[in-house]
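Student: Below you'll find the structure I mean.
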Amino acid sequence: MSTSAQPHQGTTGAPAGQAEPAAGHPDLAGAAWRKSSHSNGATNCVEVAMLADGSVGVRHSRRPDAEVIVYSQTEWAAFVAGVKAEEFEPAG
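Quick note: the sequence shown uses UniProt numbering, first residue 1, plus one each step.
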């Protein structure tokens, strides 16, 4: 994965509070959300969850009822590999 590559084409999931997933959206019911250890009260507020279909949901931890961005297993694995390889520059 290169930092010059096109941005991820993740799909936007149904709002977290929605009882039934909309057609084409993953089921977020029962998702176990984990907050990043880098999240704090002001910035960097992110949570992730492994979804029942194997995809990964990402949301703003301070706005859990907002939309969720969903990445495939392949997209998520590429992102994690890039983080481990230090391919991303820290925010400035």
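Cβ atoms here follow ideal geometry from the backbone N, Cα and C, with glycine treated the same way.
For A31, count neighbouring C-beta atoms within 10 Å of its own C-beta (all shown protein chains included) and say buried if the count is 16 or more, exposed if not.
Tutor: As a first step, residue 31 must be located in the sequence shown, where it is residue number 31. It counts as buried.
Student: If I'm right that V70 touches G82 with Cβ under 8 Å, what's the distance once you round it to whole angstroms?
Tutor: Locating residue 70 in the sequence shown gives position 70, counting from the first residue. Locating residue 82 in the sequence shown gives position 82, counting from the first residue. At roughly 18 Å, the Cβ-Cβ gap does not stay under 8 Å, so V70 and G82 are not in contact.
Student: In the DSSP assignment, find the unbroken alpha helix (DSSP H) run with residue 105 in it and report its ends.
Tutor: Residue 105 cannot be examined here, being either before or after the span of the chain that is shown, 1 to 92.
Student: Would you give the residue range spanned by the alpha helix (DSSP H) that V56 belongs to?
Tutor: Stepping through the sequence shown from its first residue, residue 56 is reached at position 56. Segment 56-60 is the beta strand (DSSP E) holding V56; no alpha helix (DSSP H) there.
Student: Just the Cα atoms here: how many angstroms apart are K84 and S37?
Tutor: The residue labelled residue 84 in the question sits at position 84 within the sequence shown. The residue labelled residue 37 in the question sits at position 37 within the sequence shown. K84 and S37: Cα-Cα distance of roughly 16 Å.
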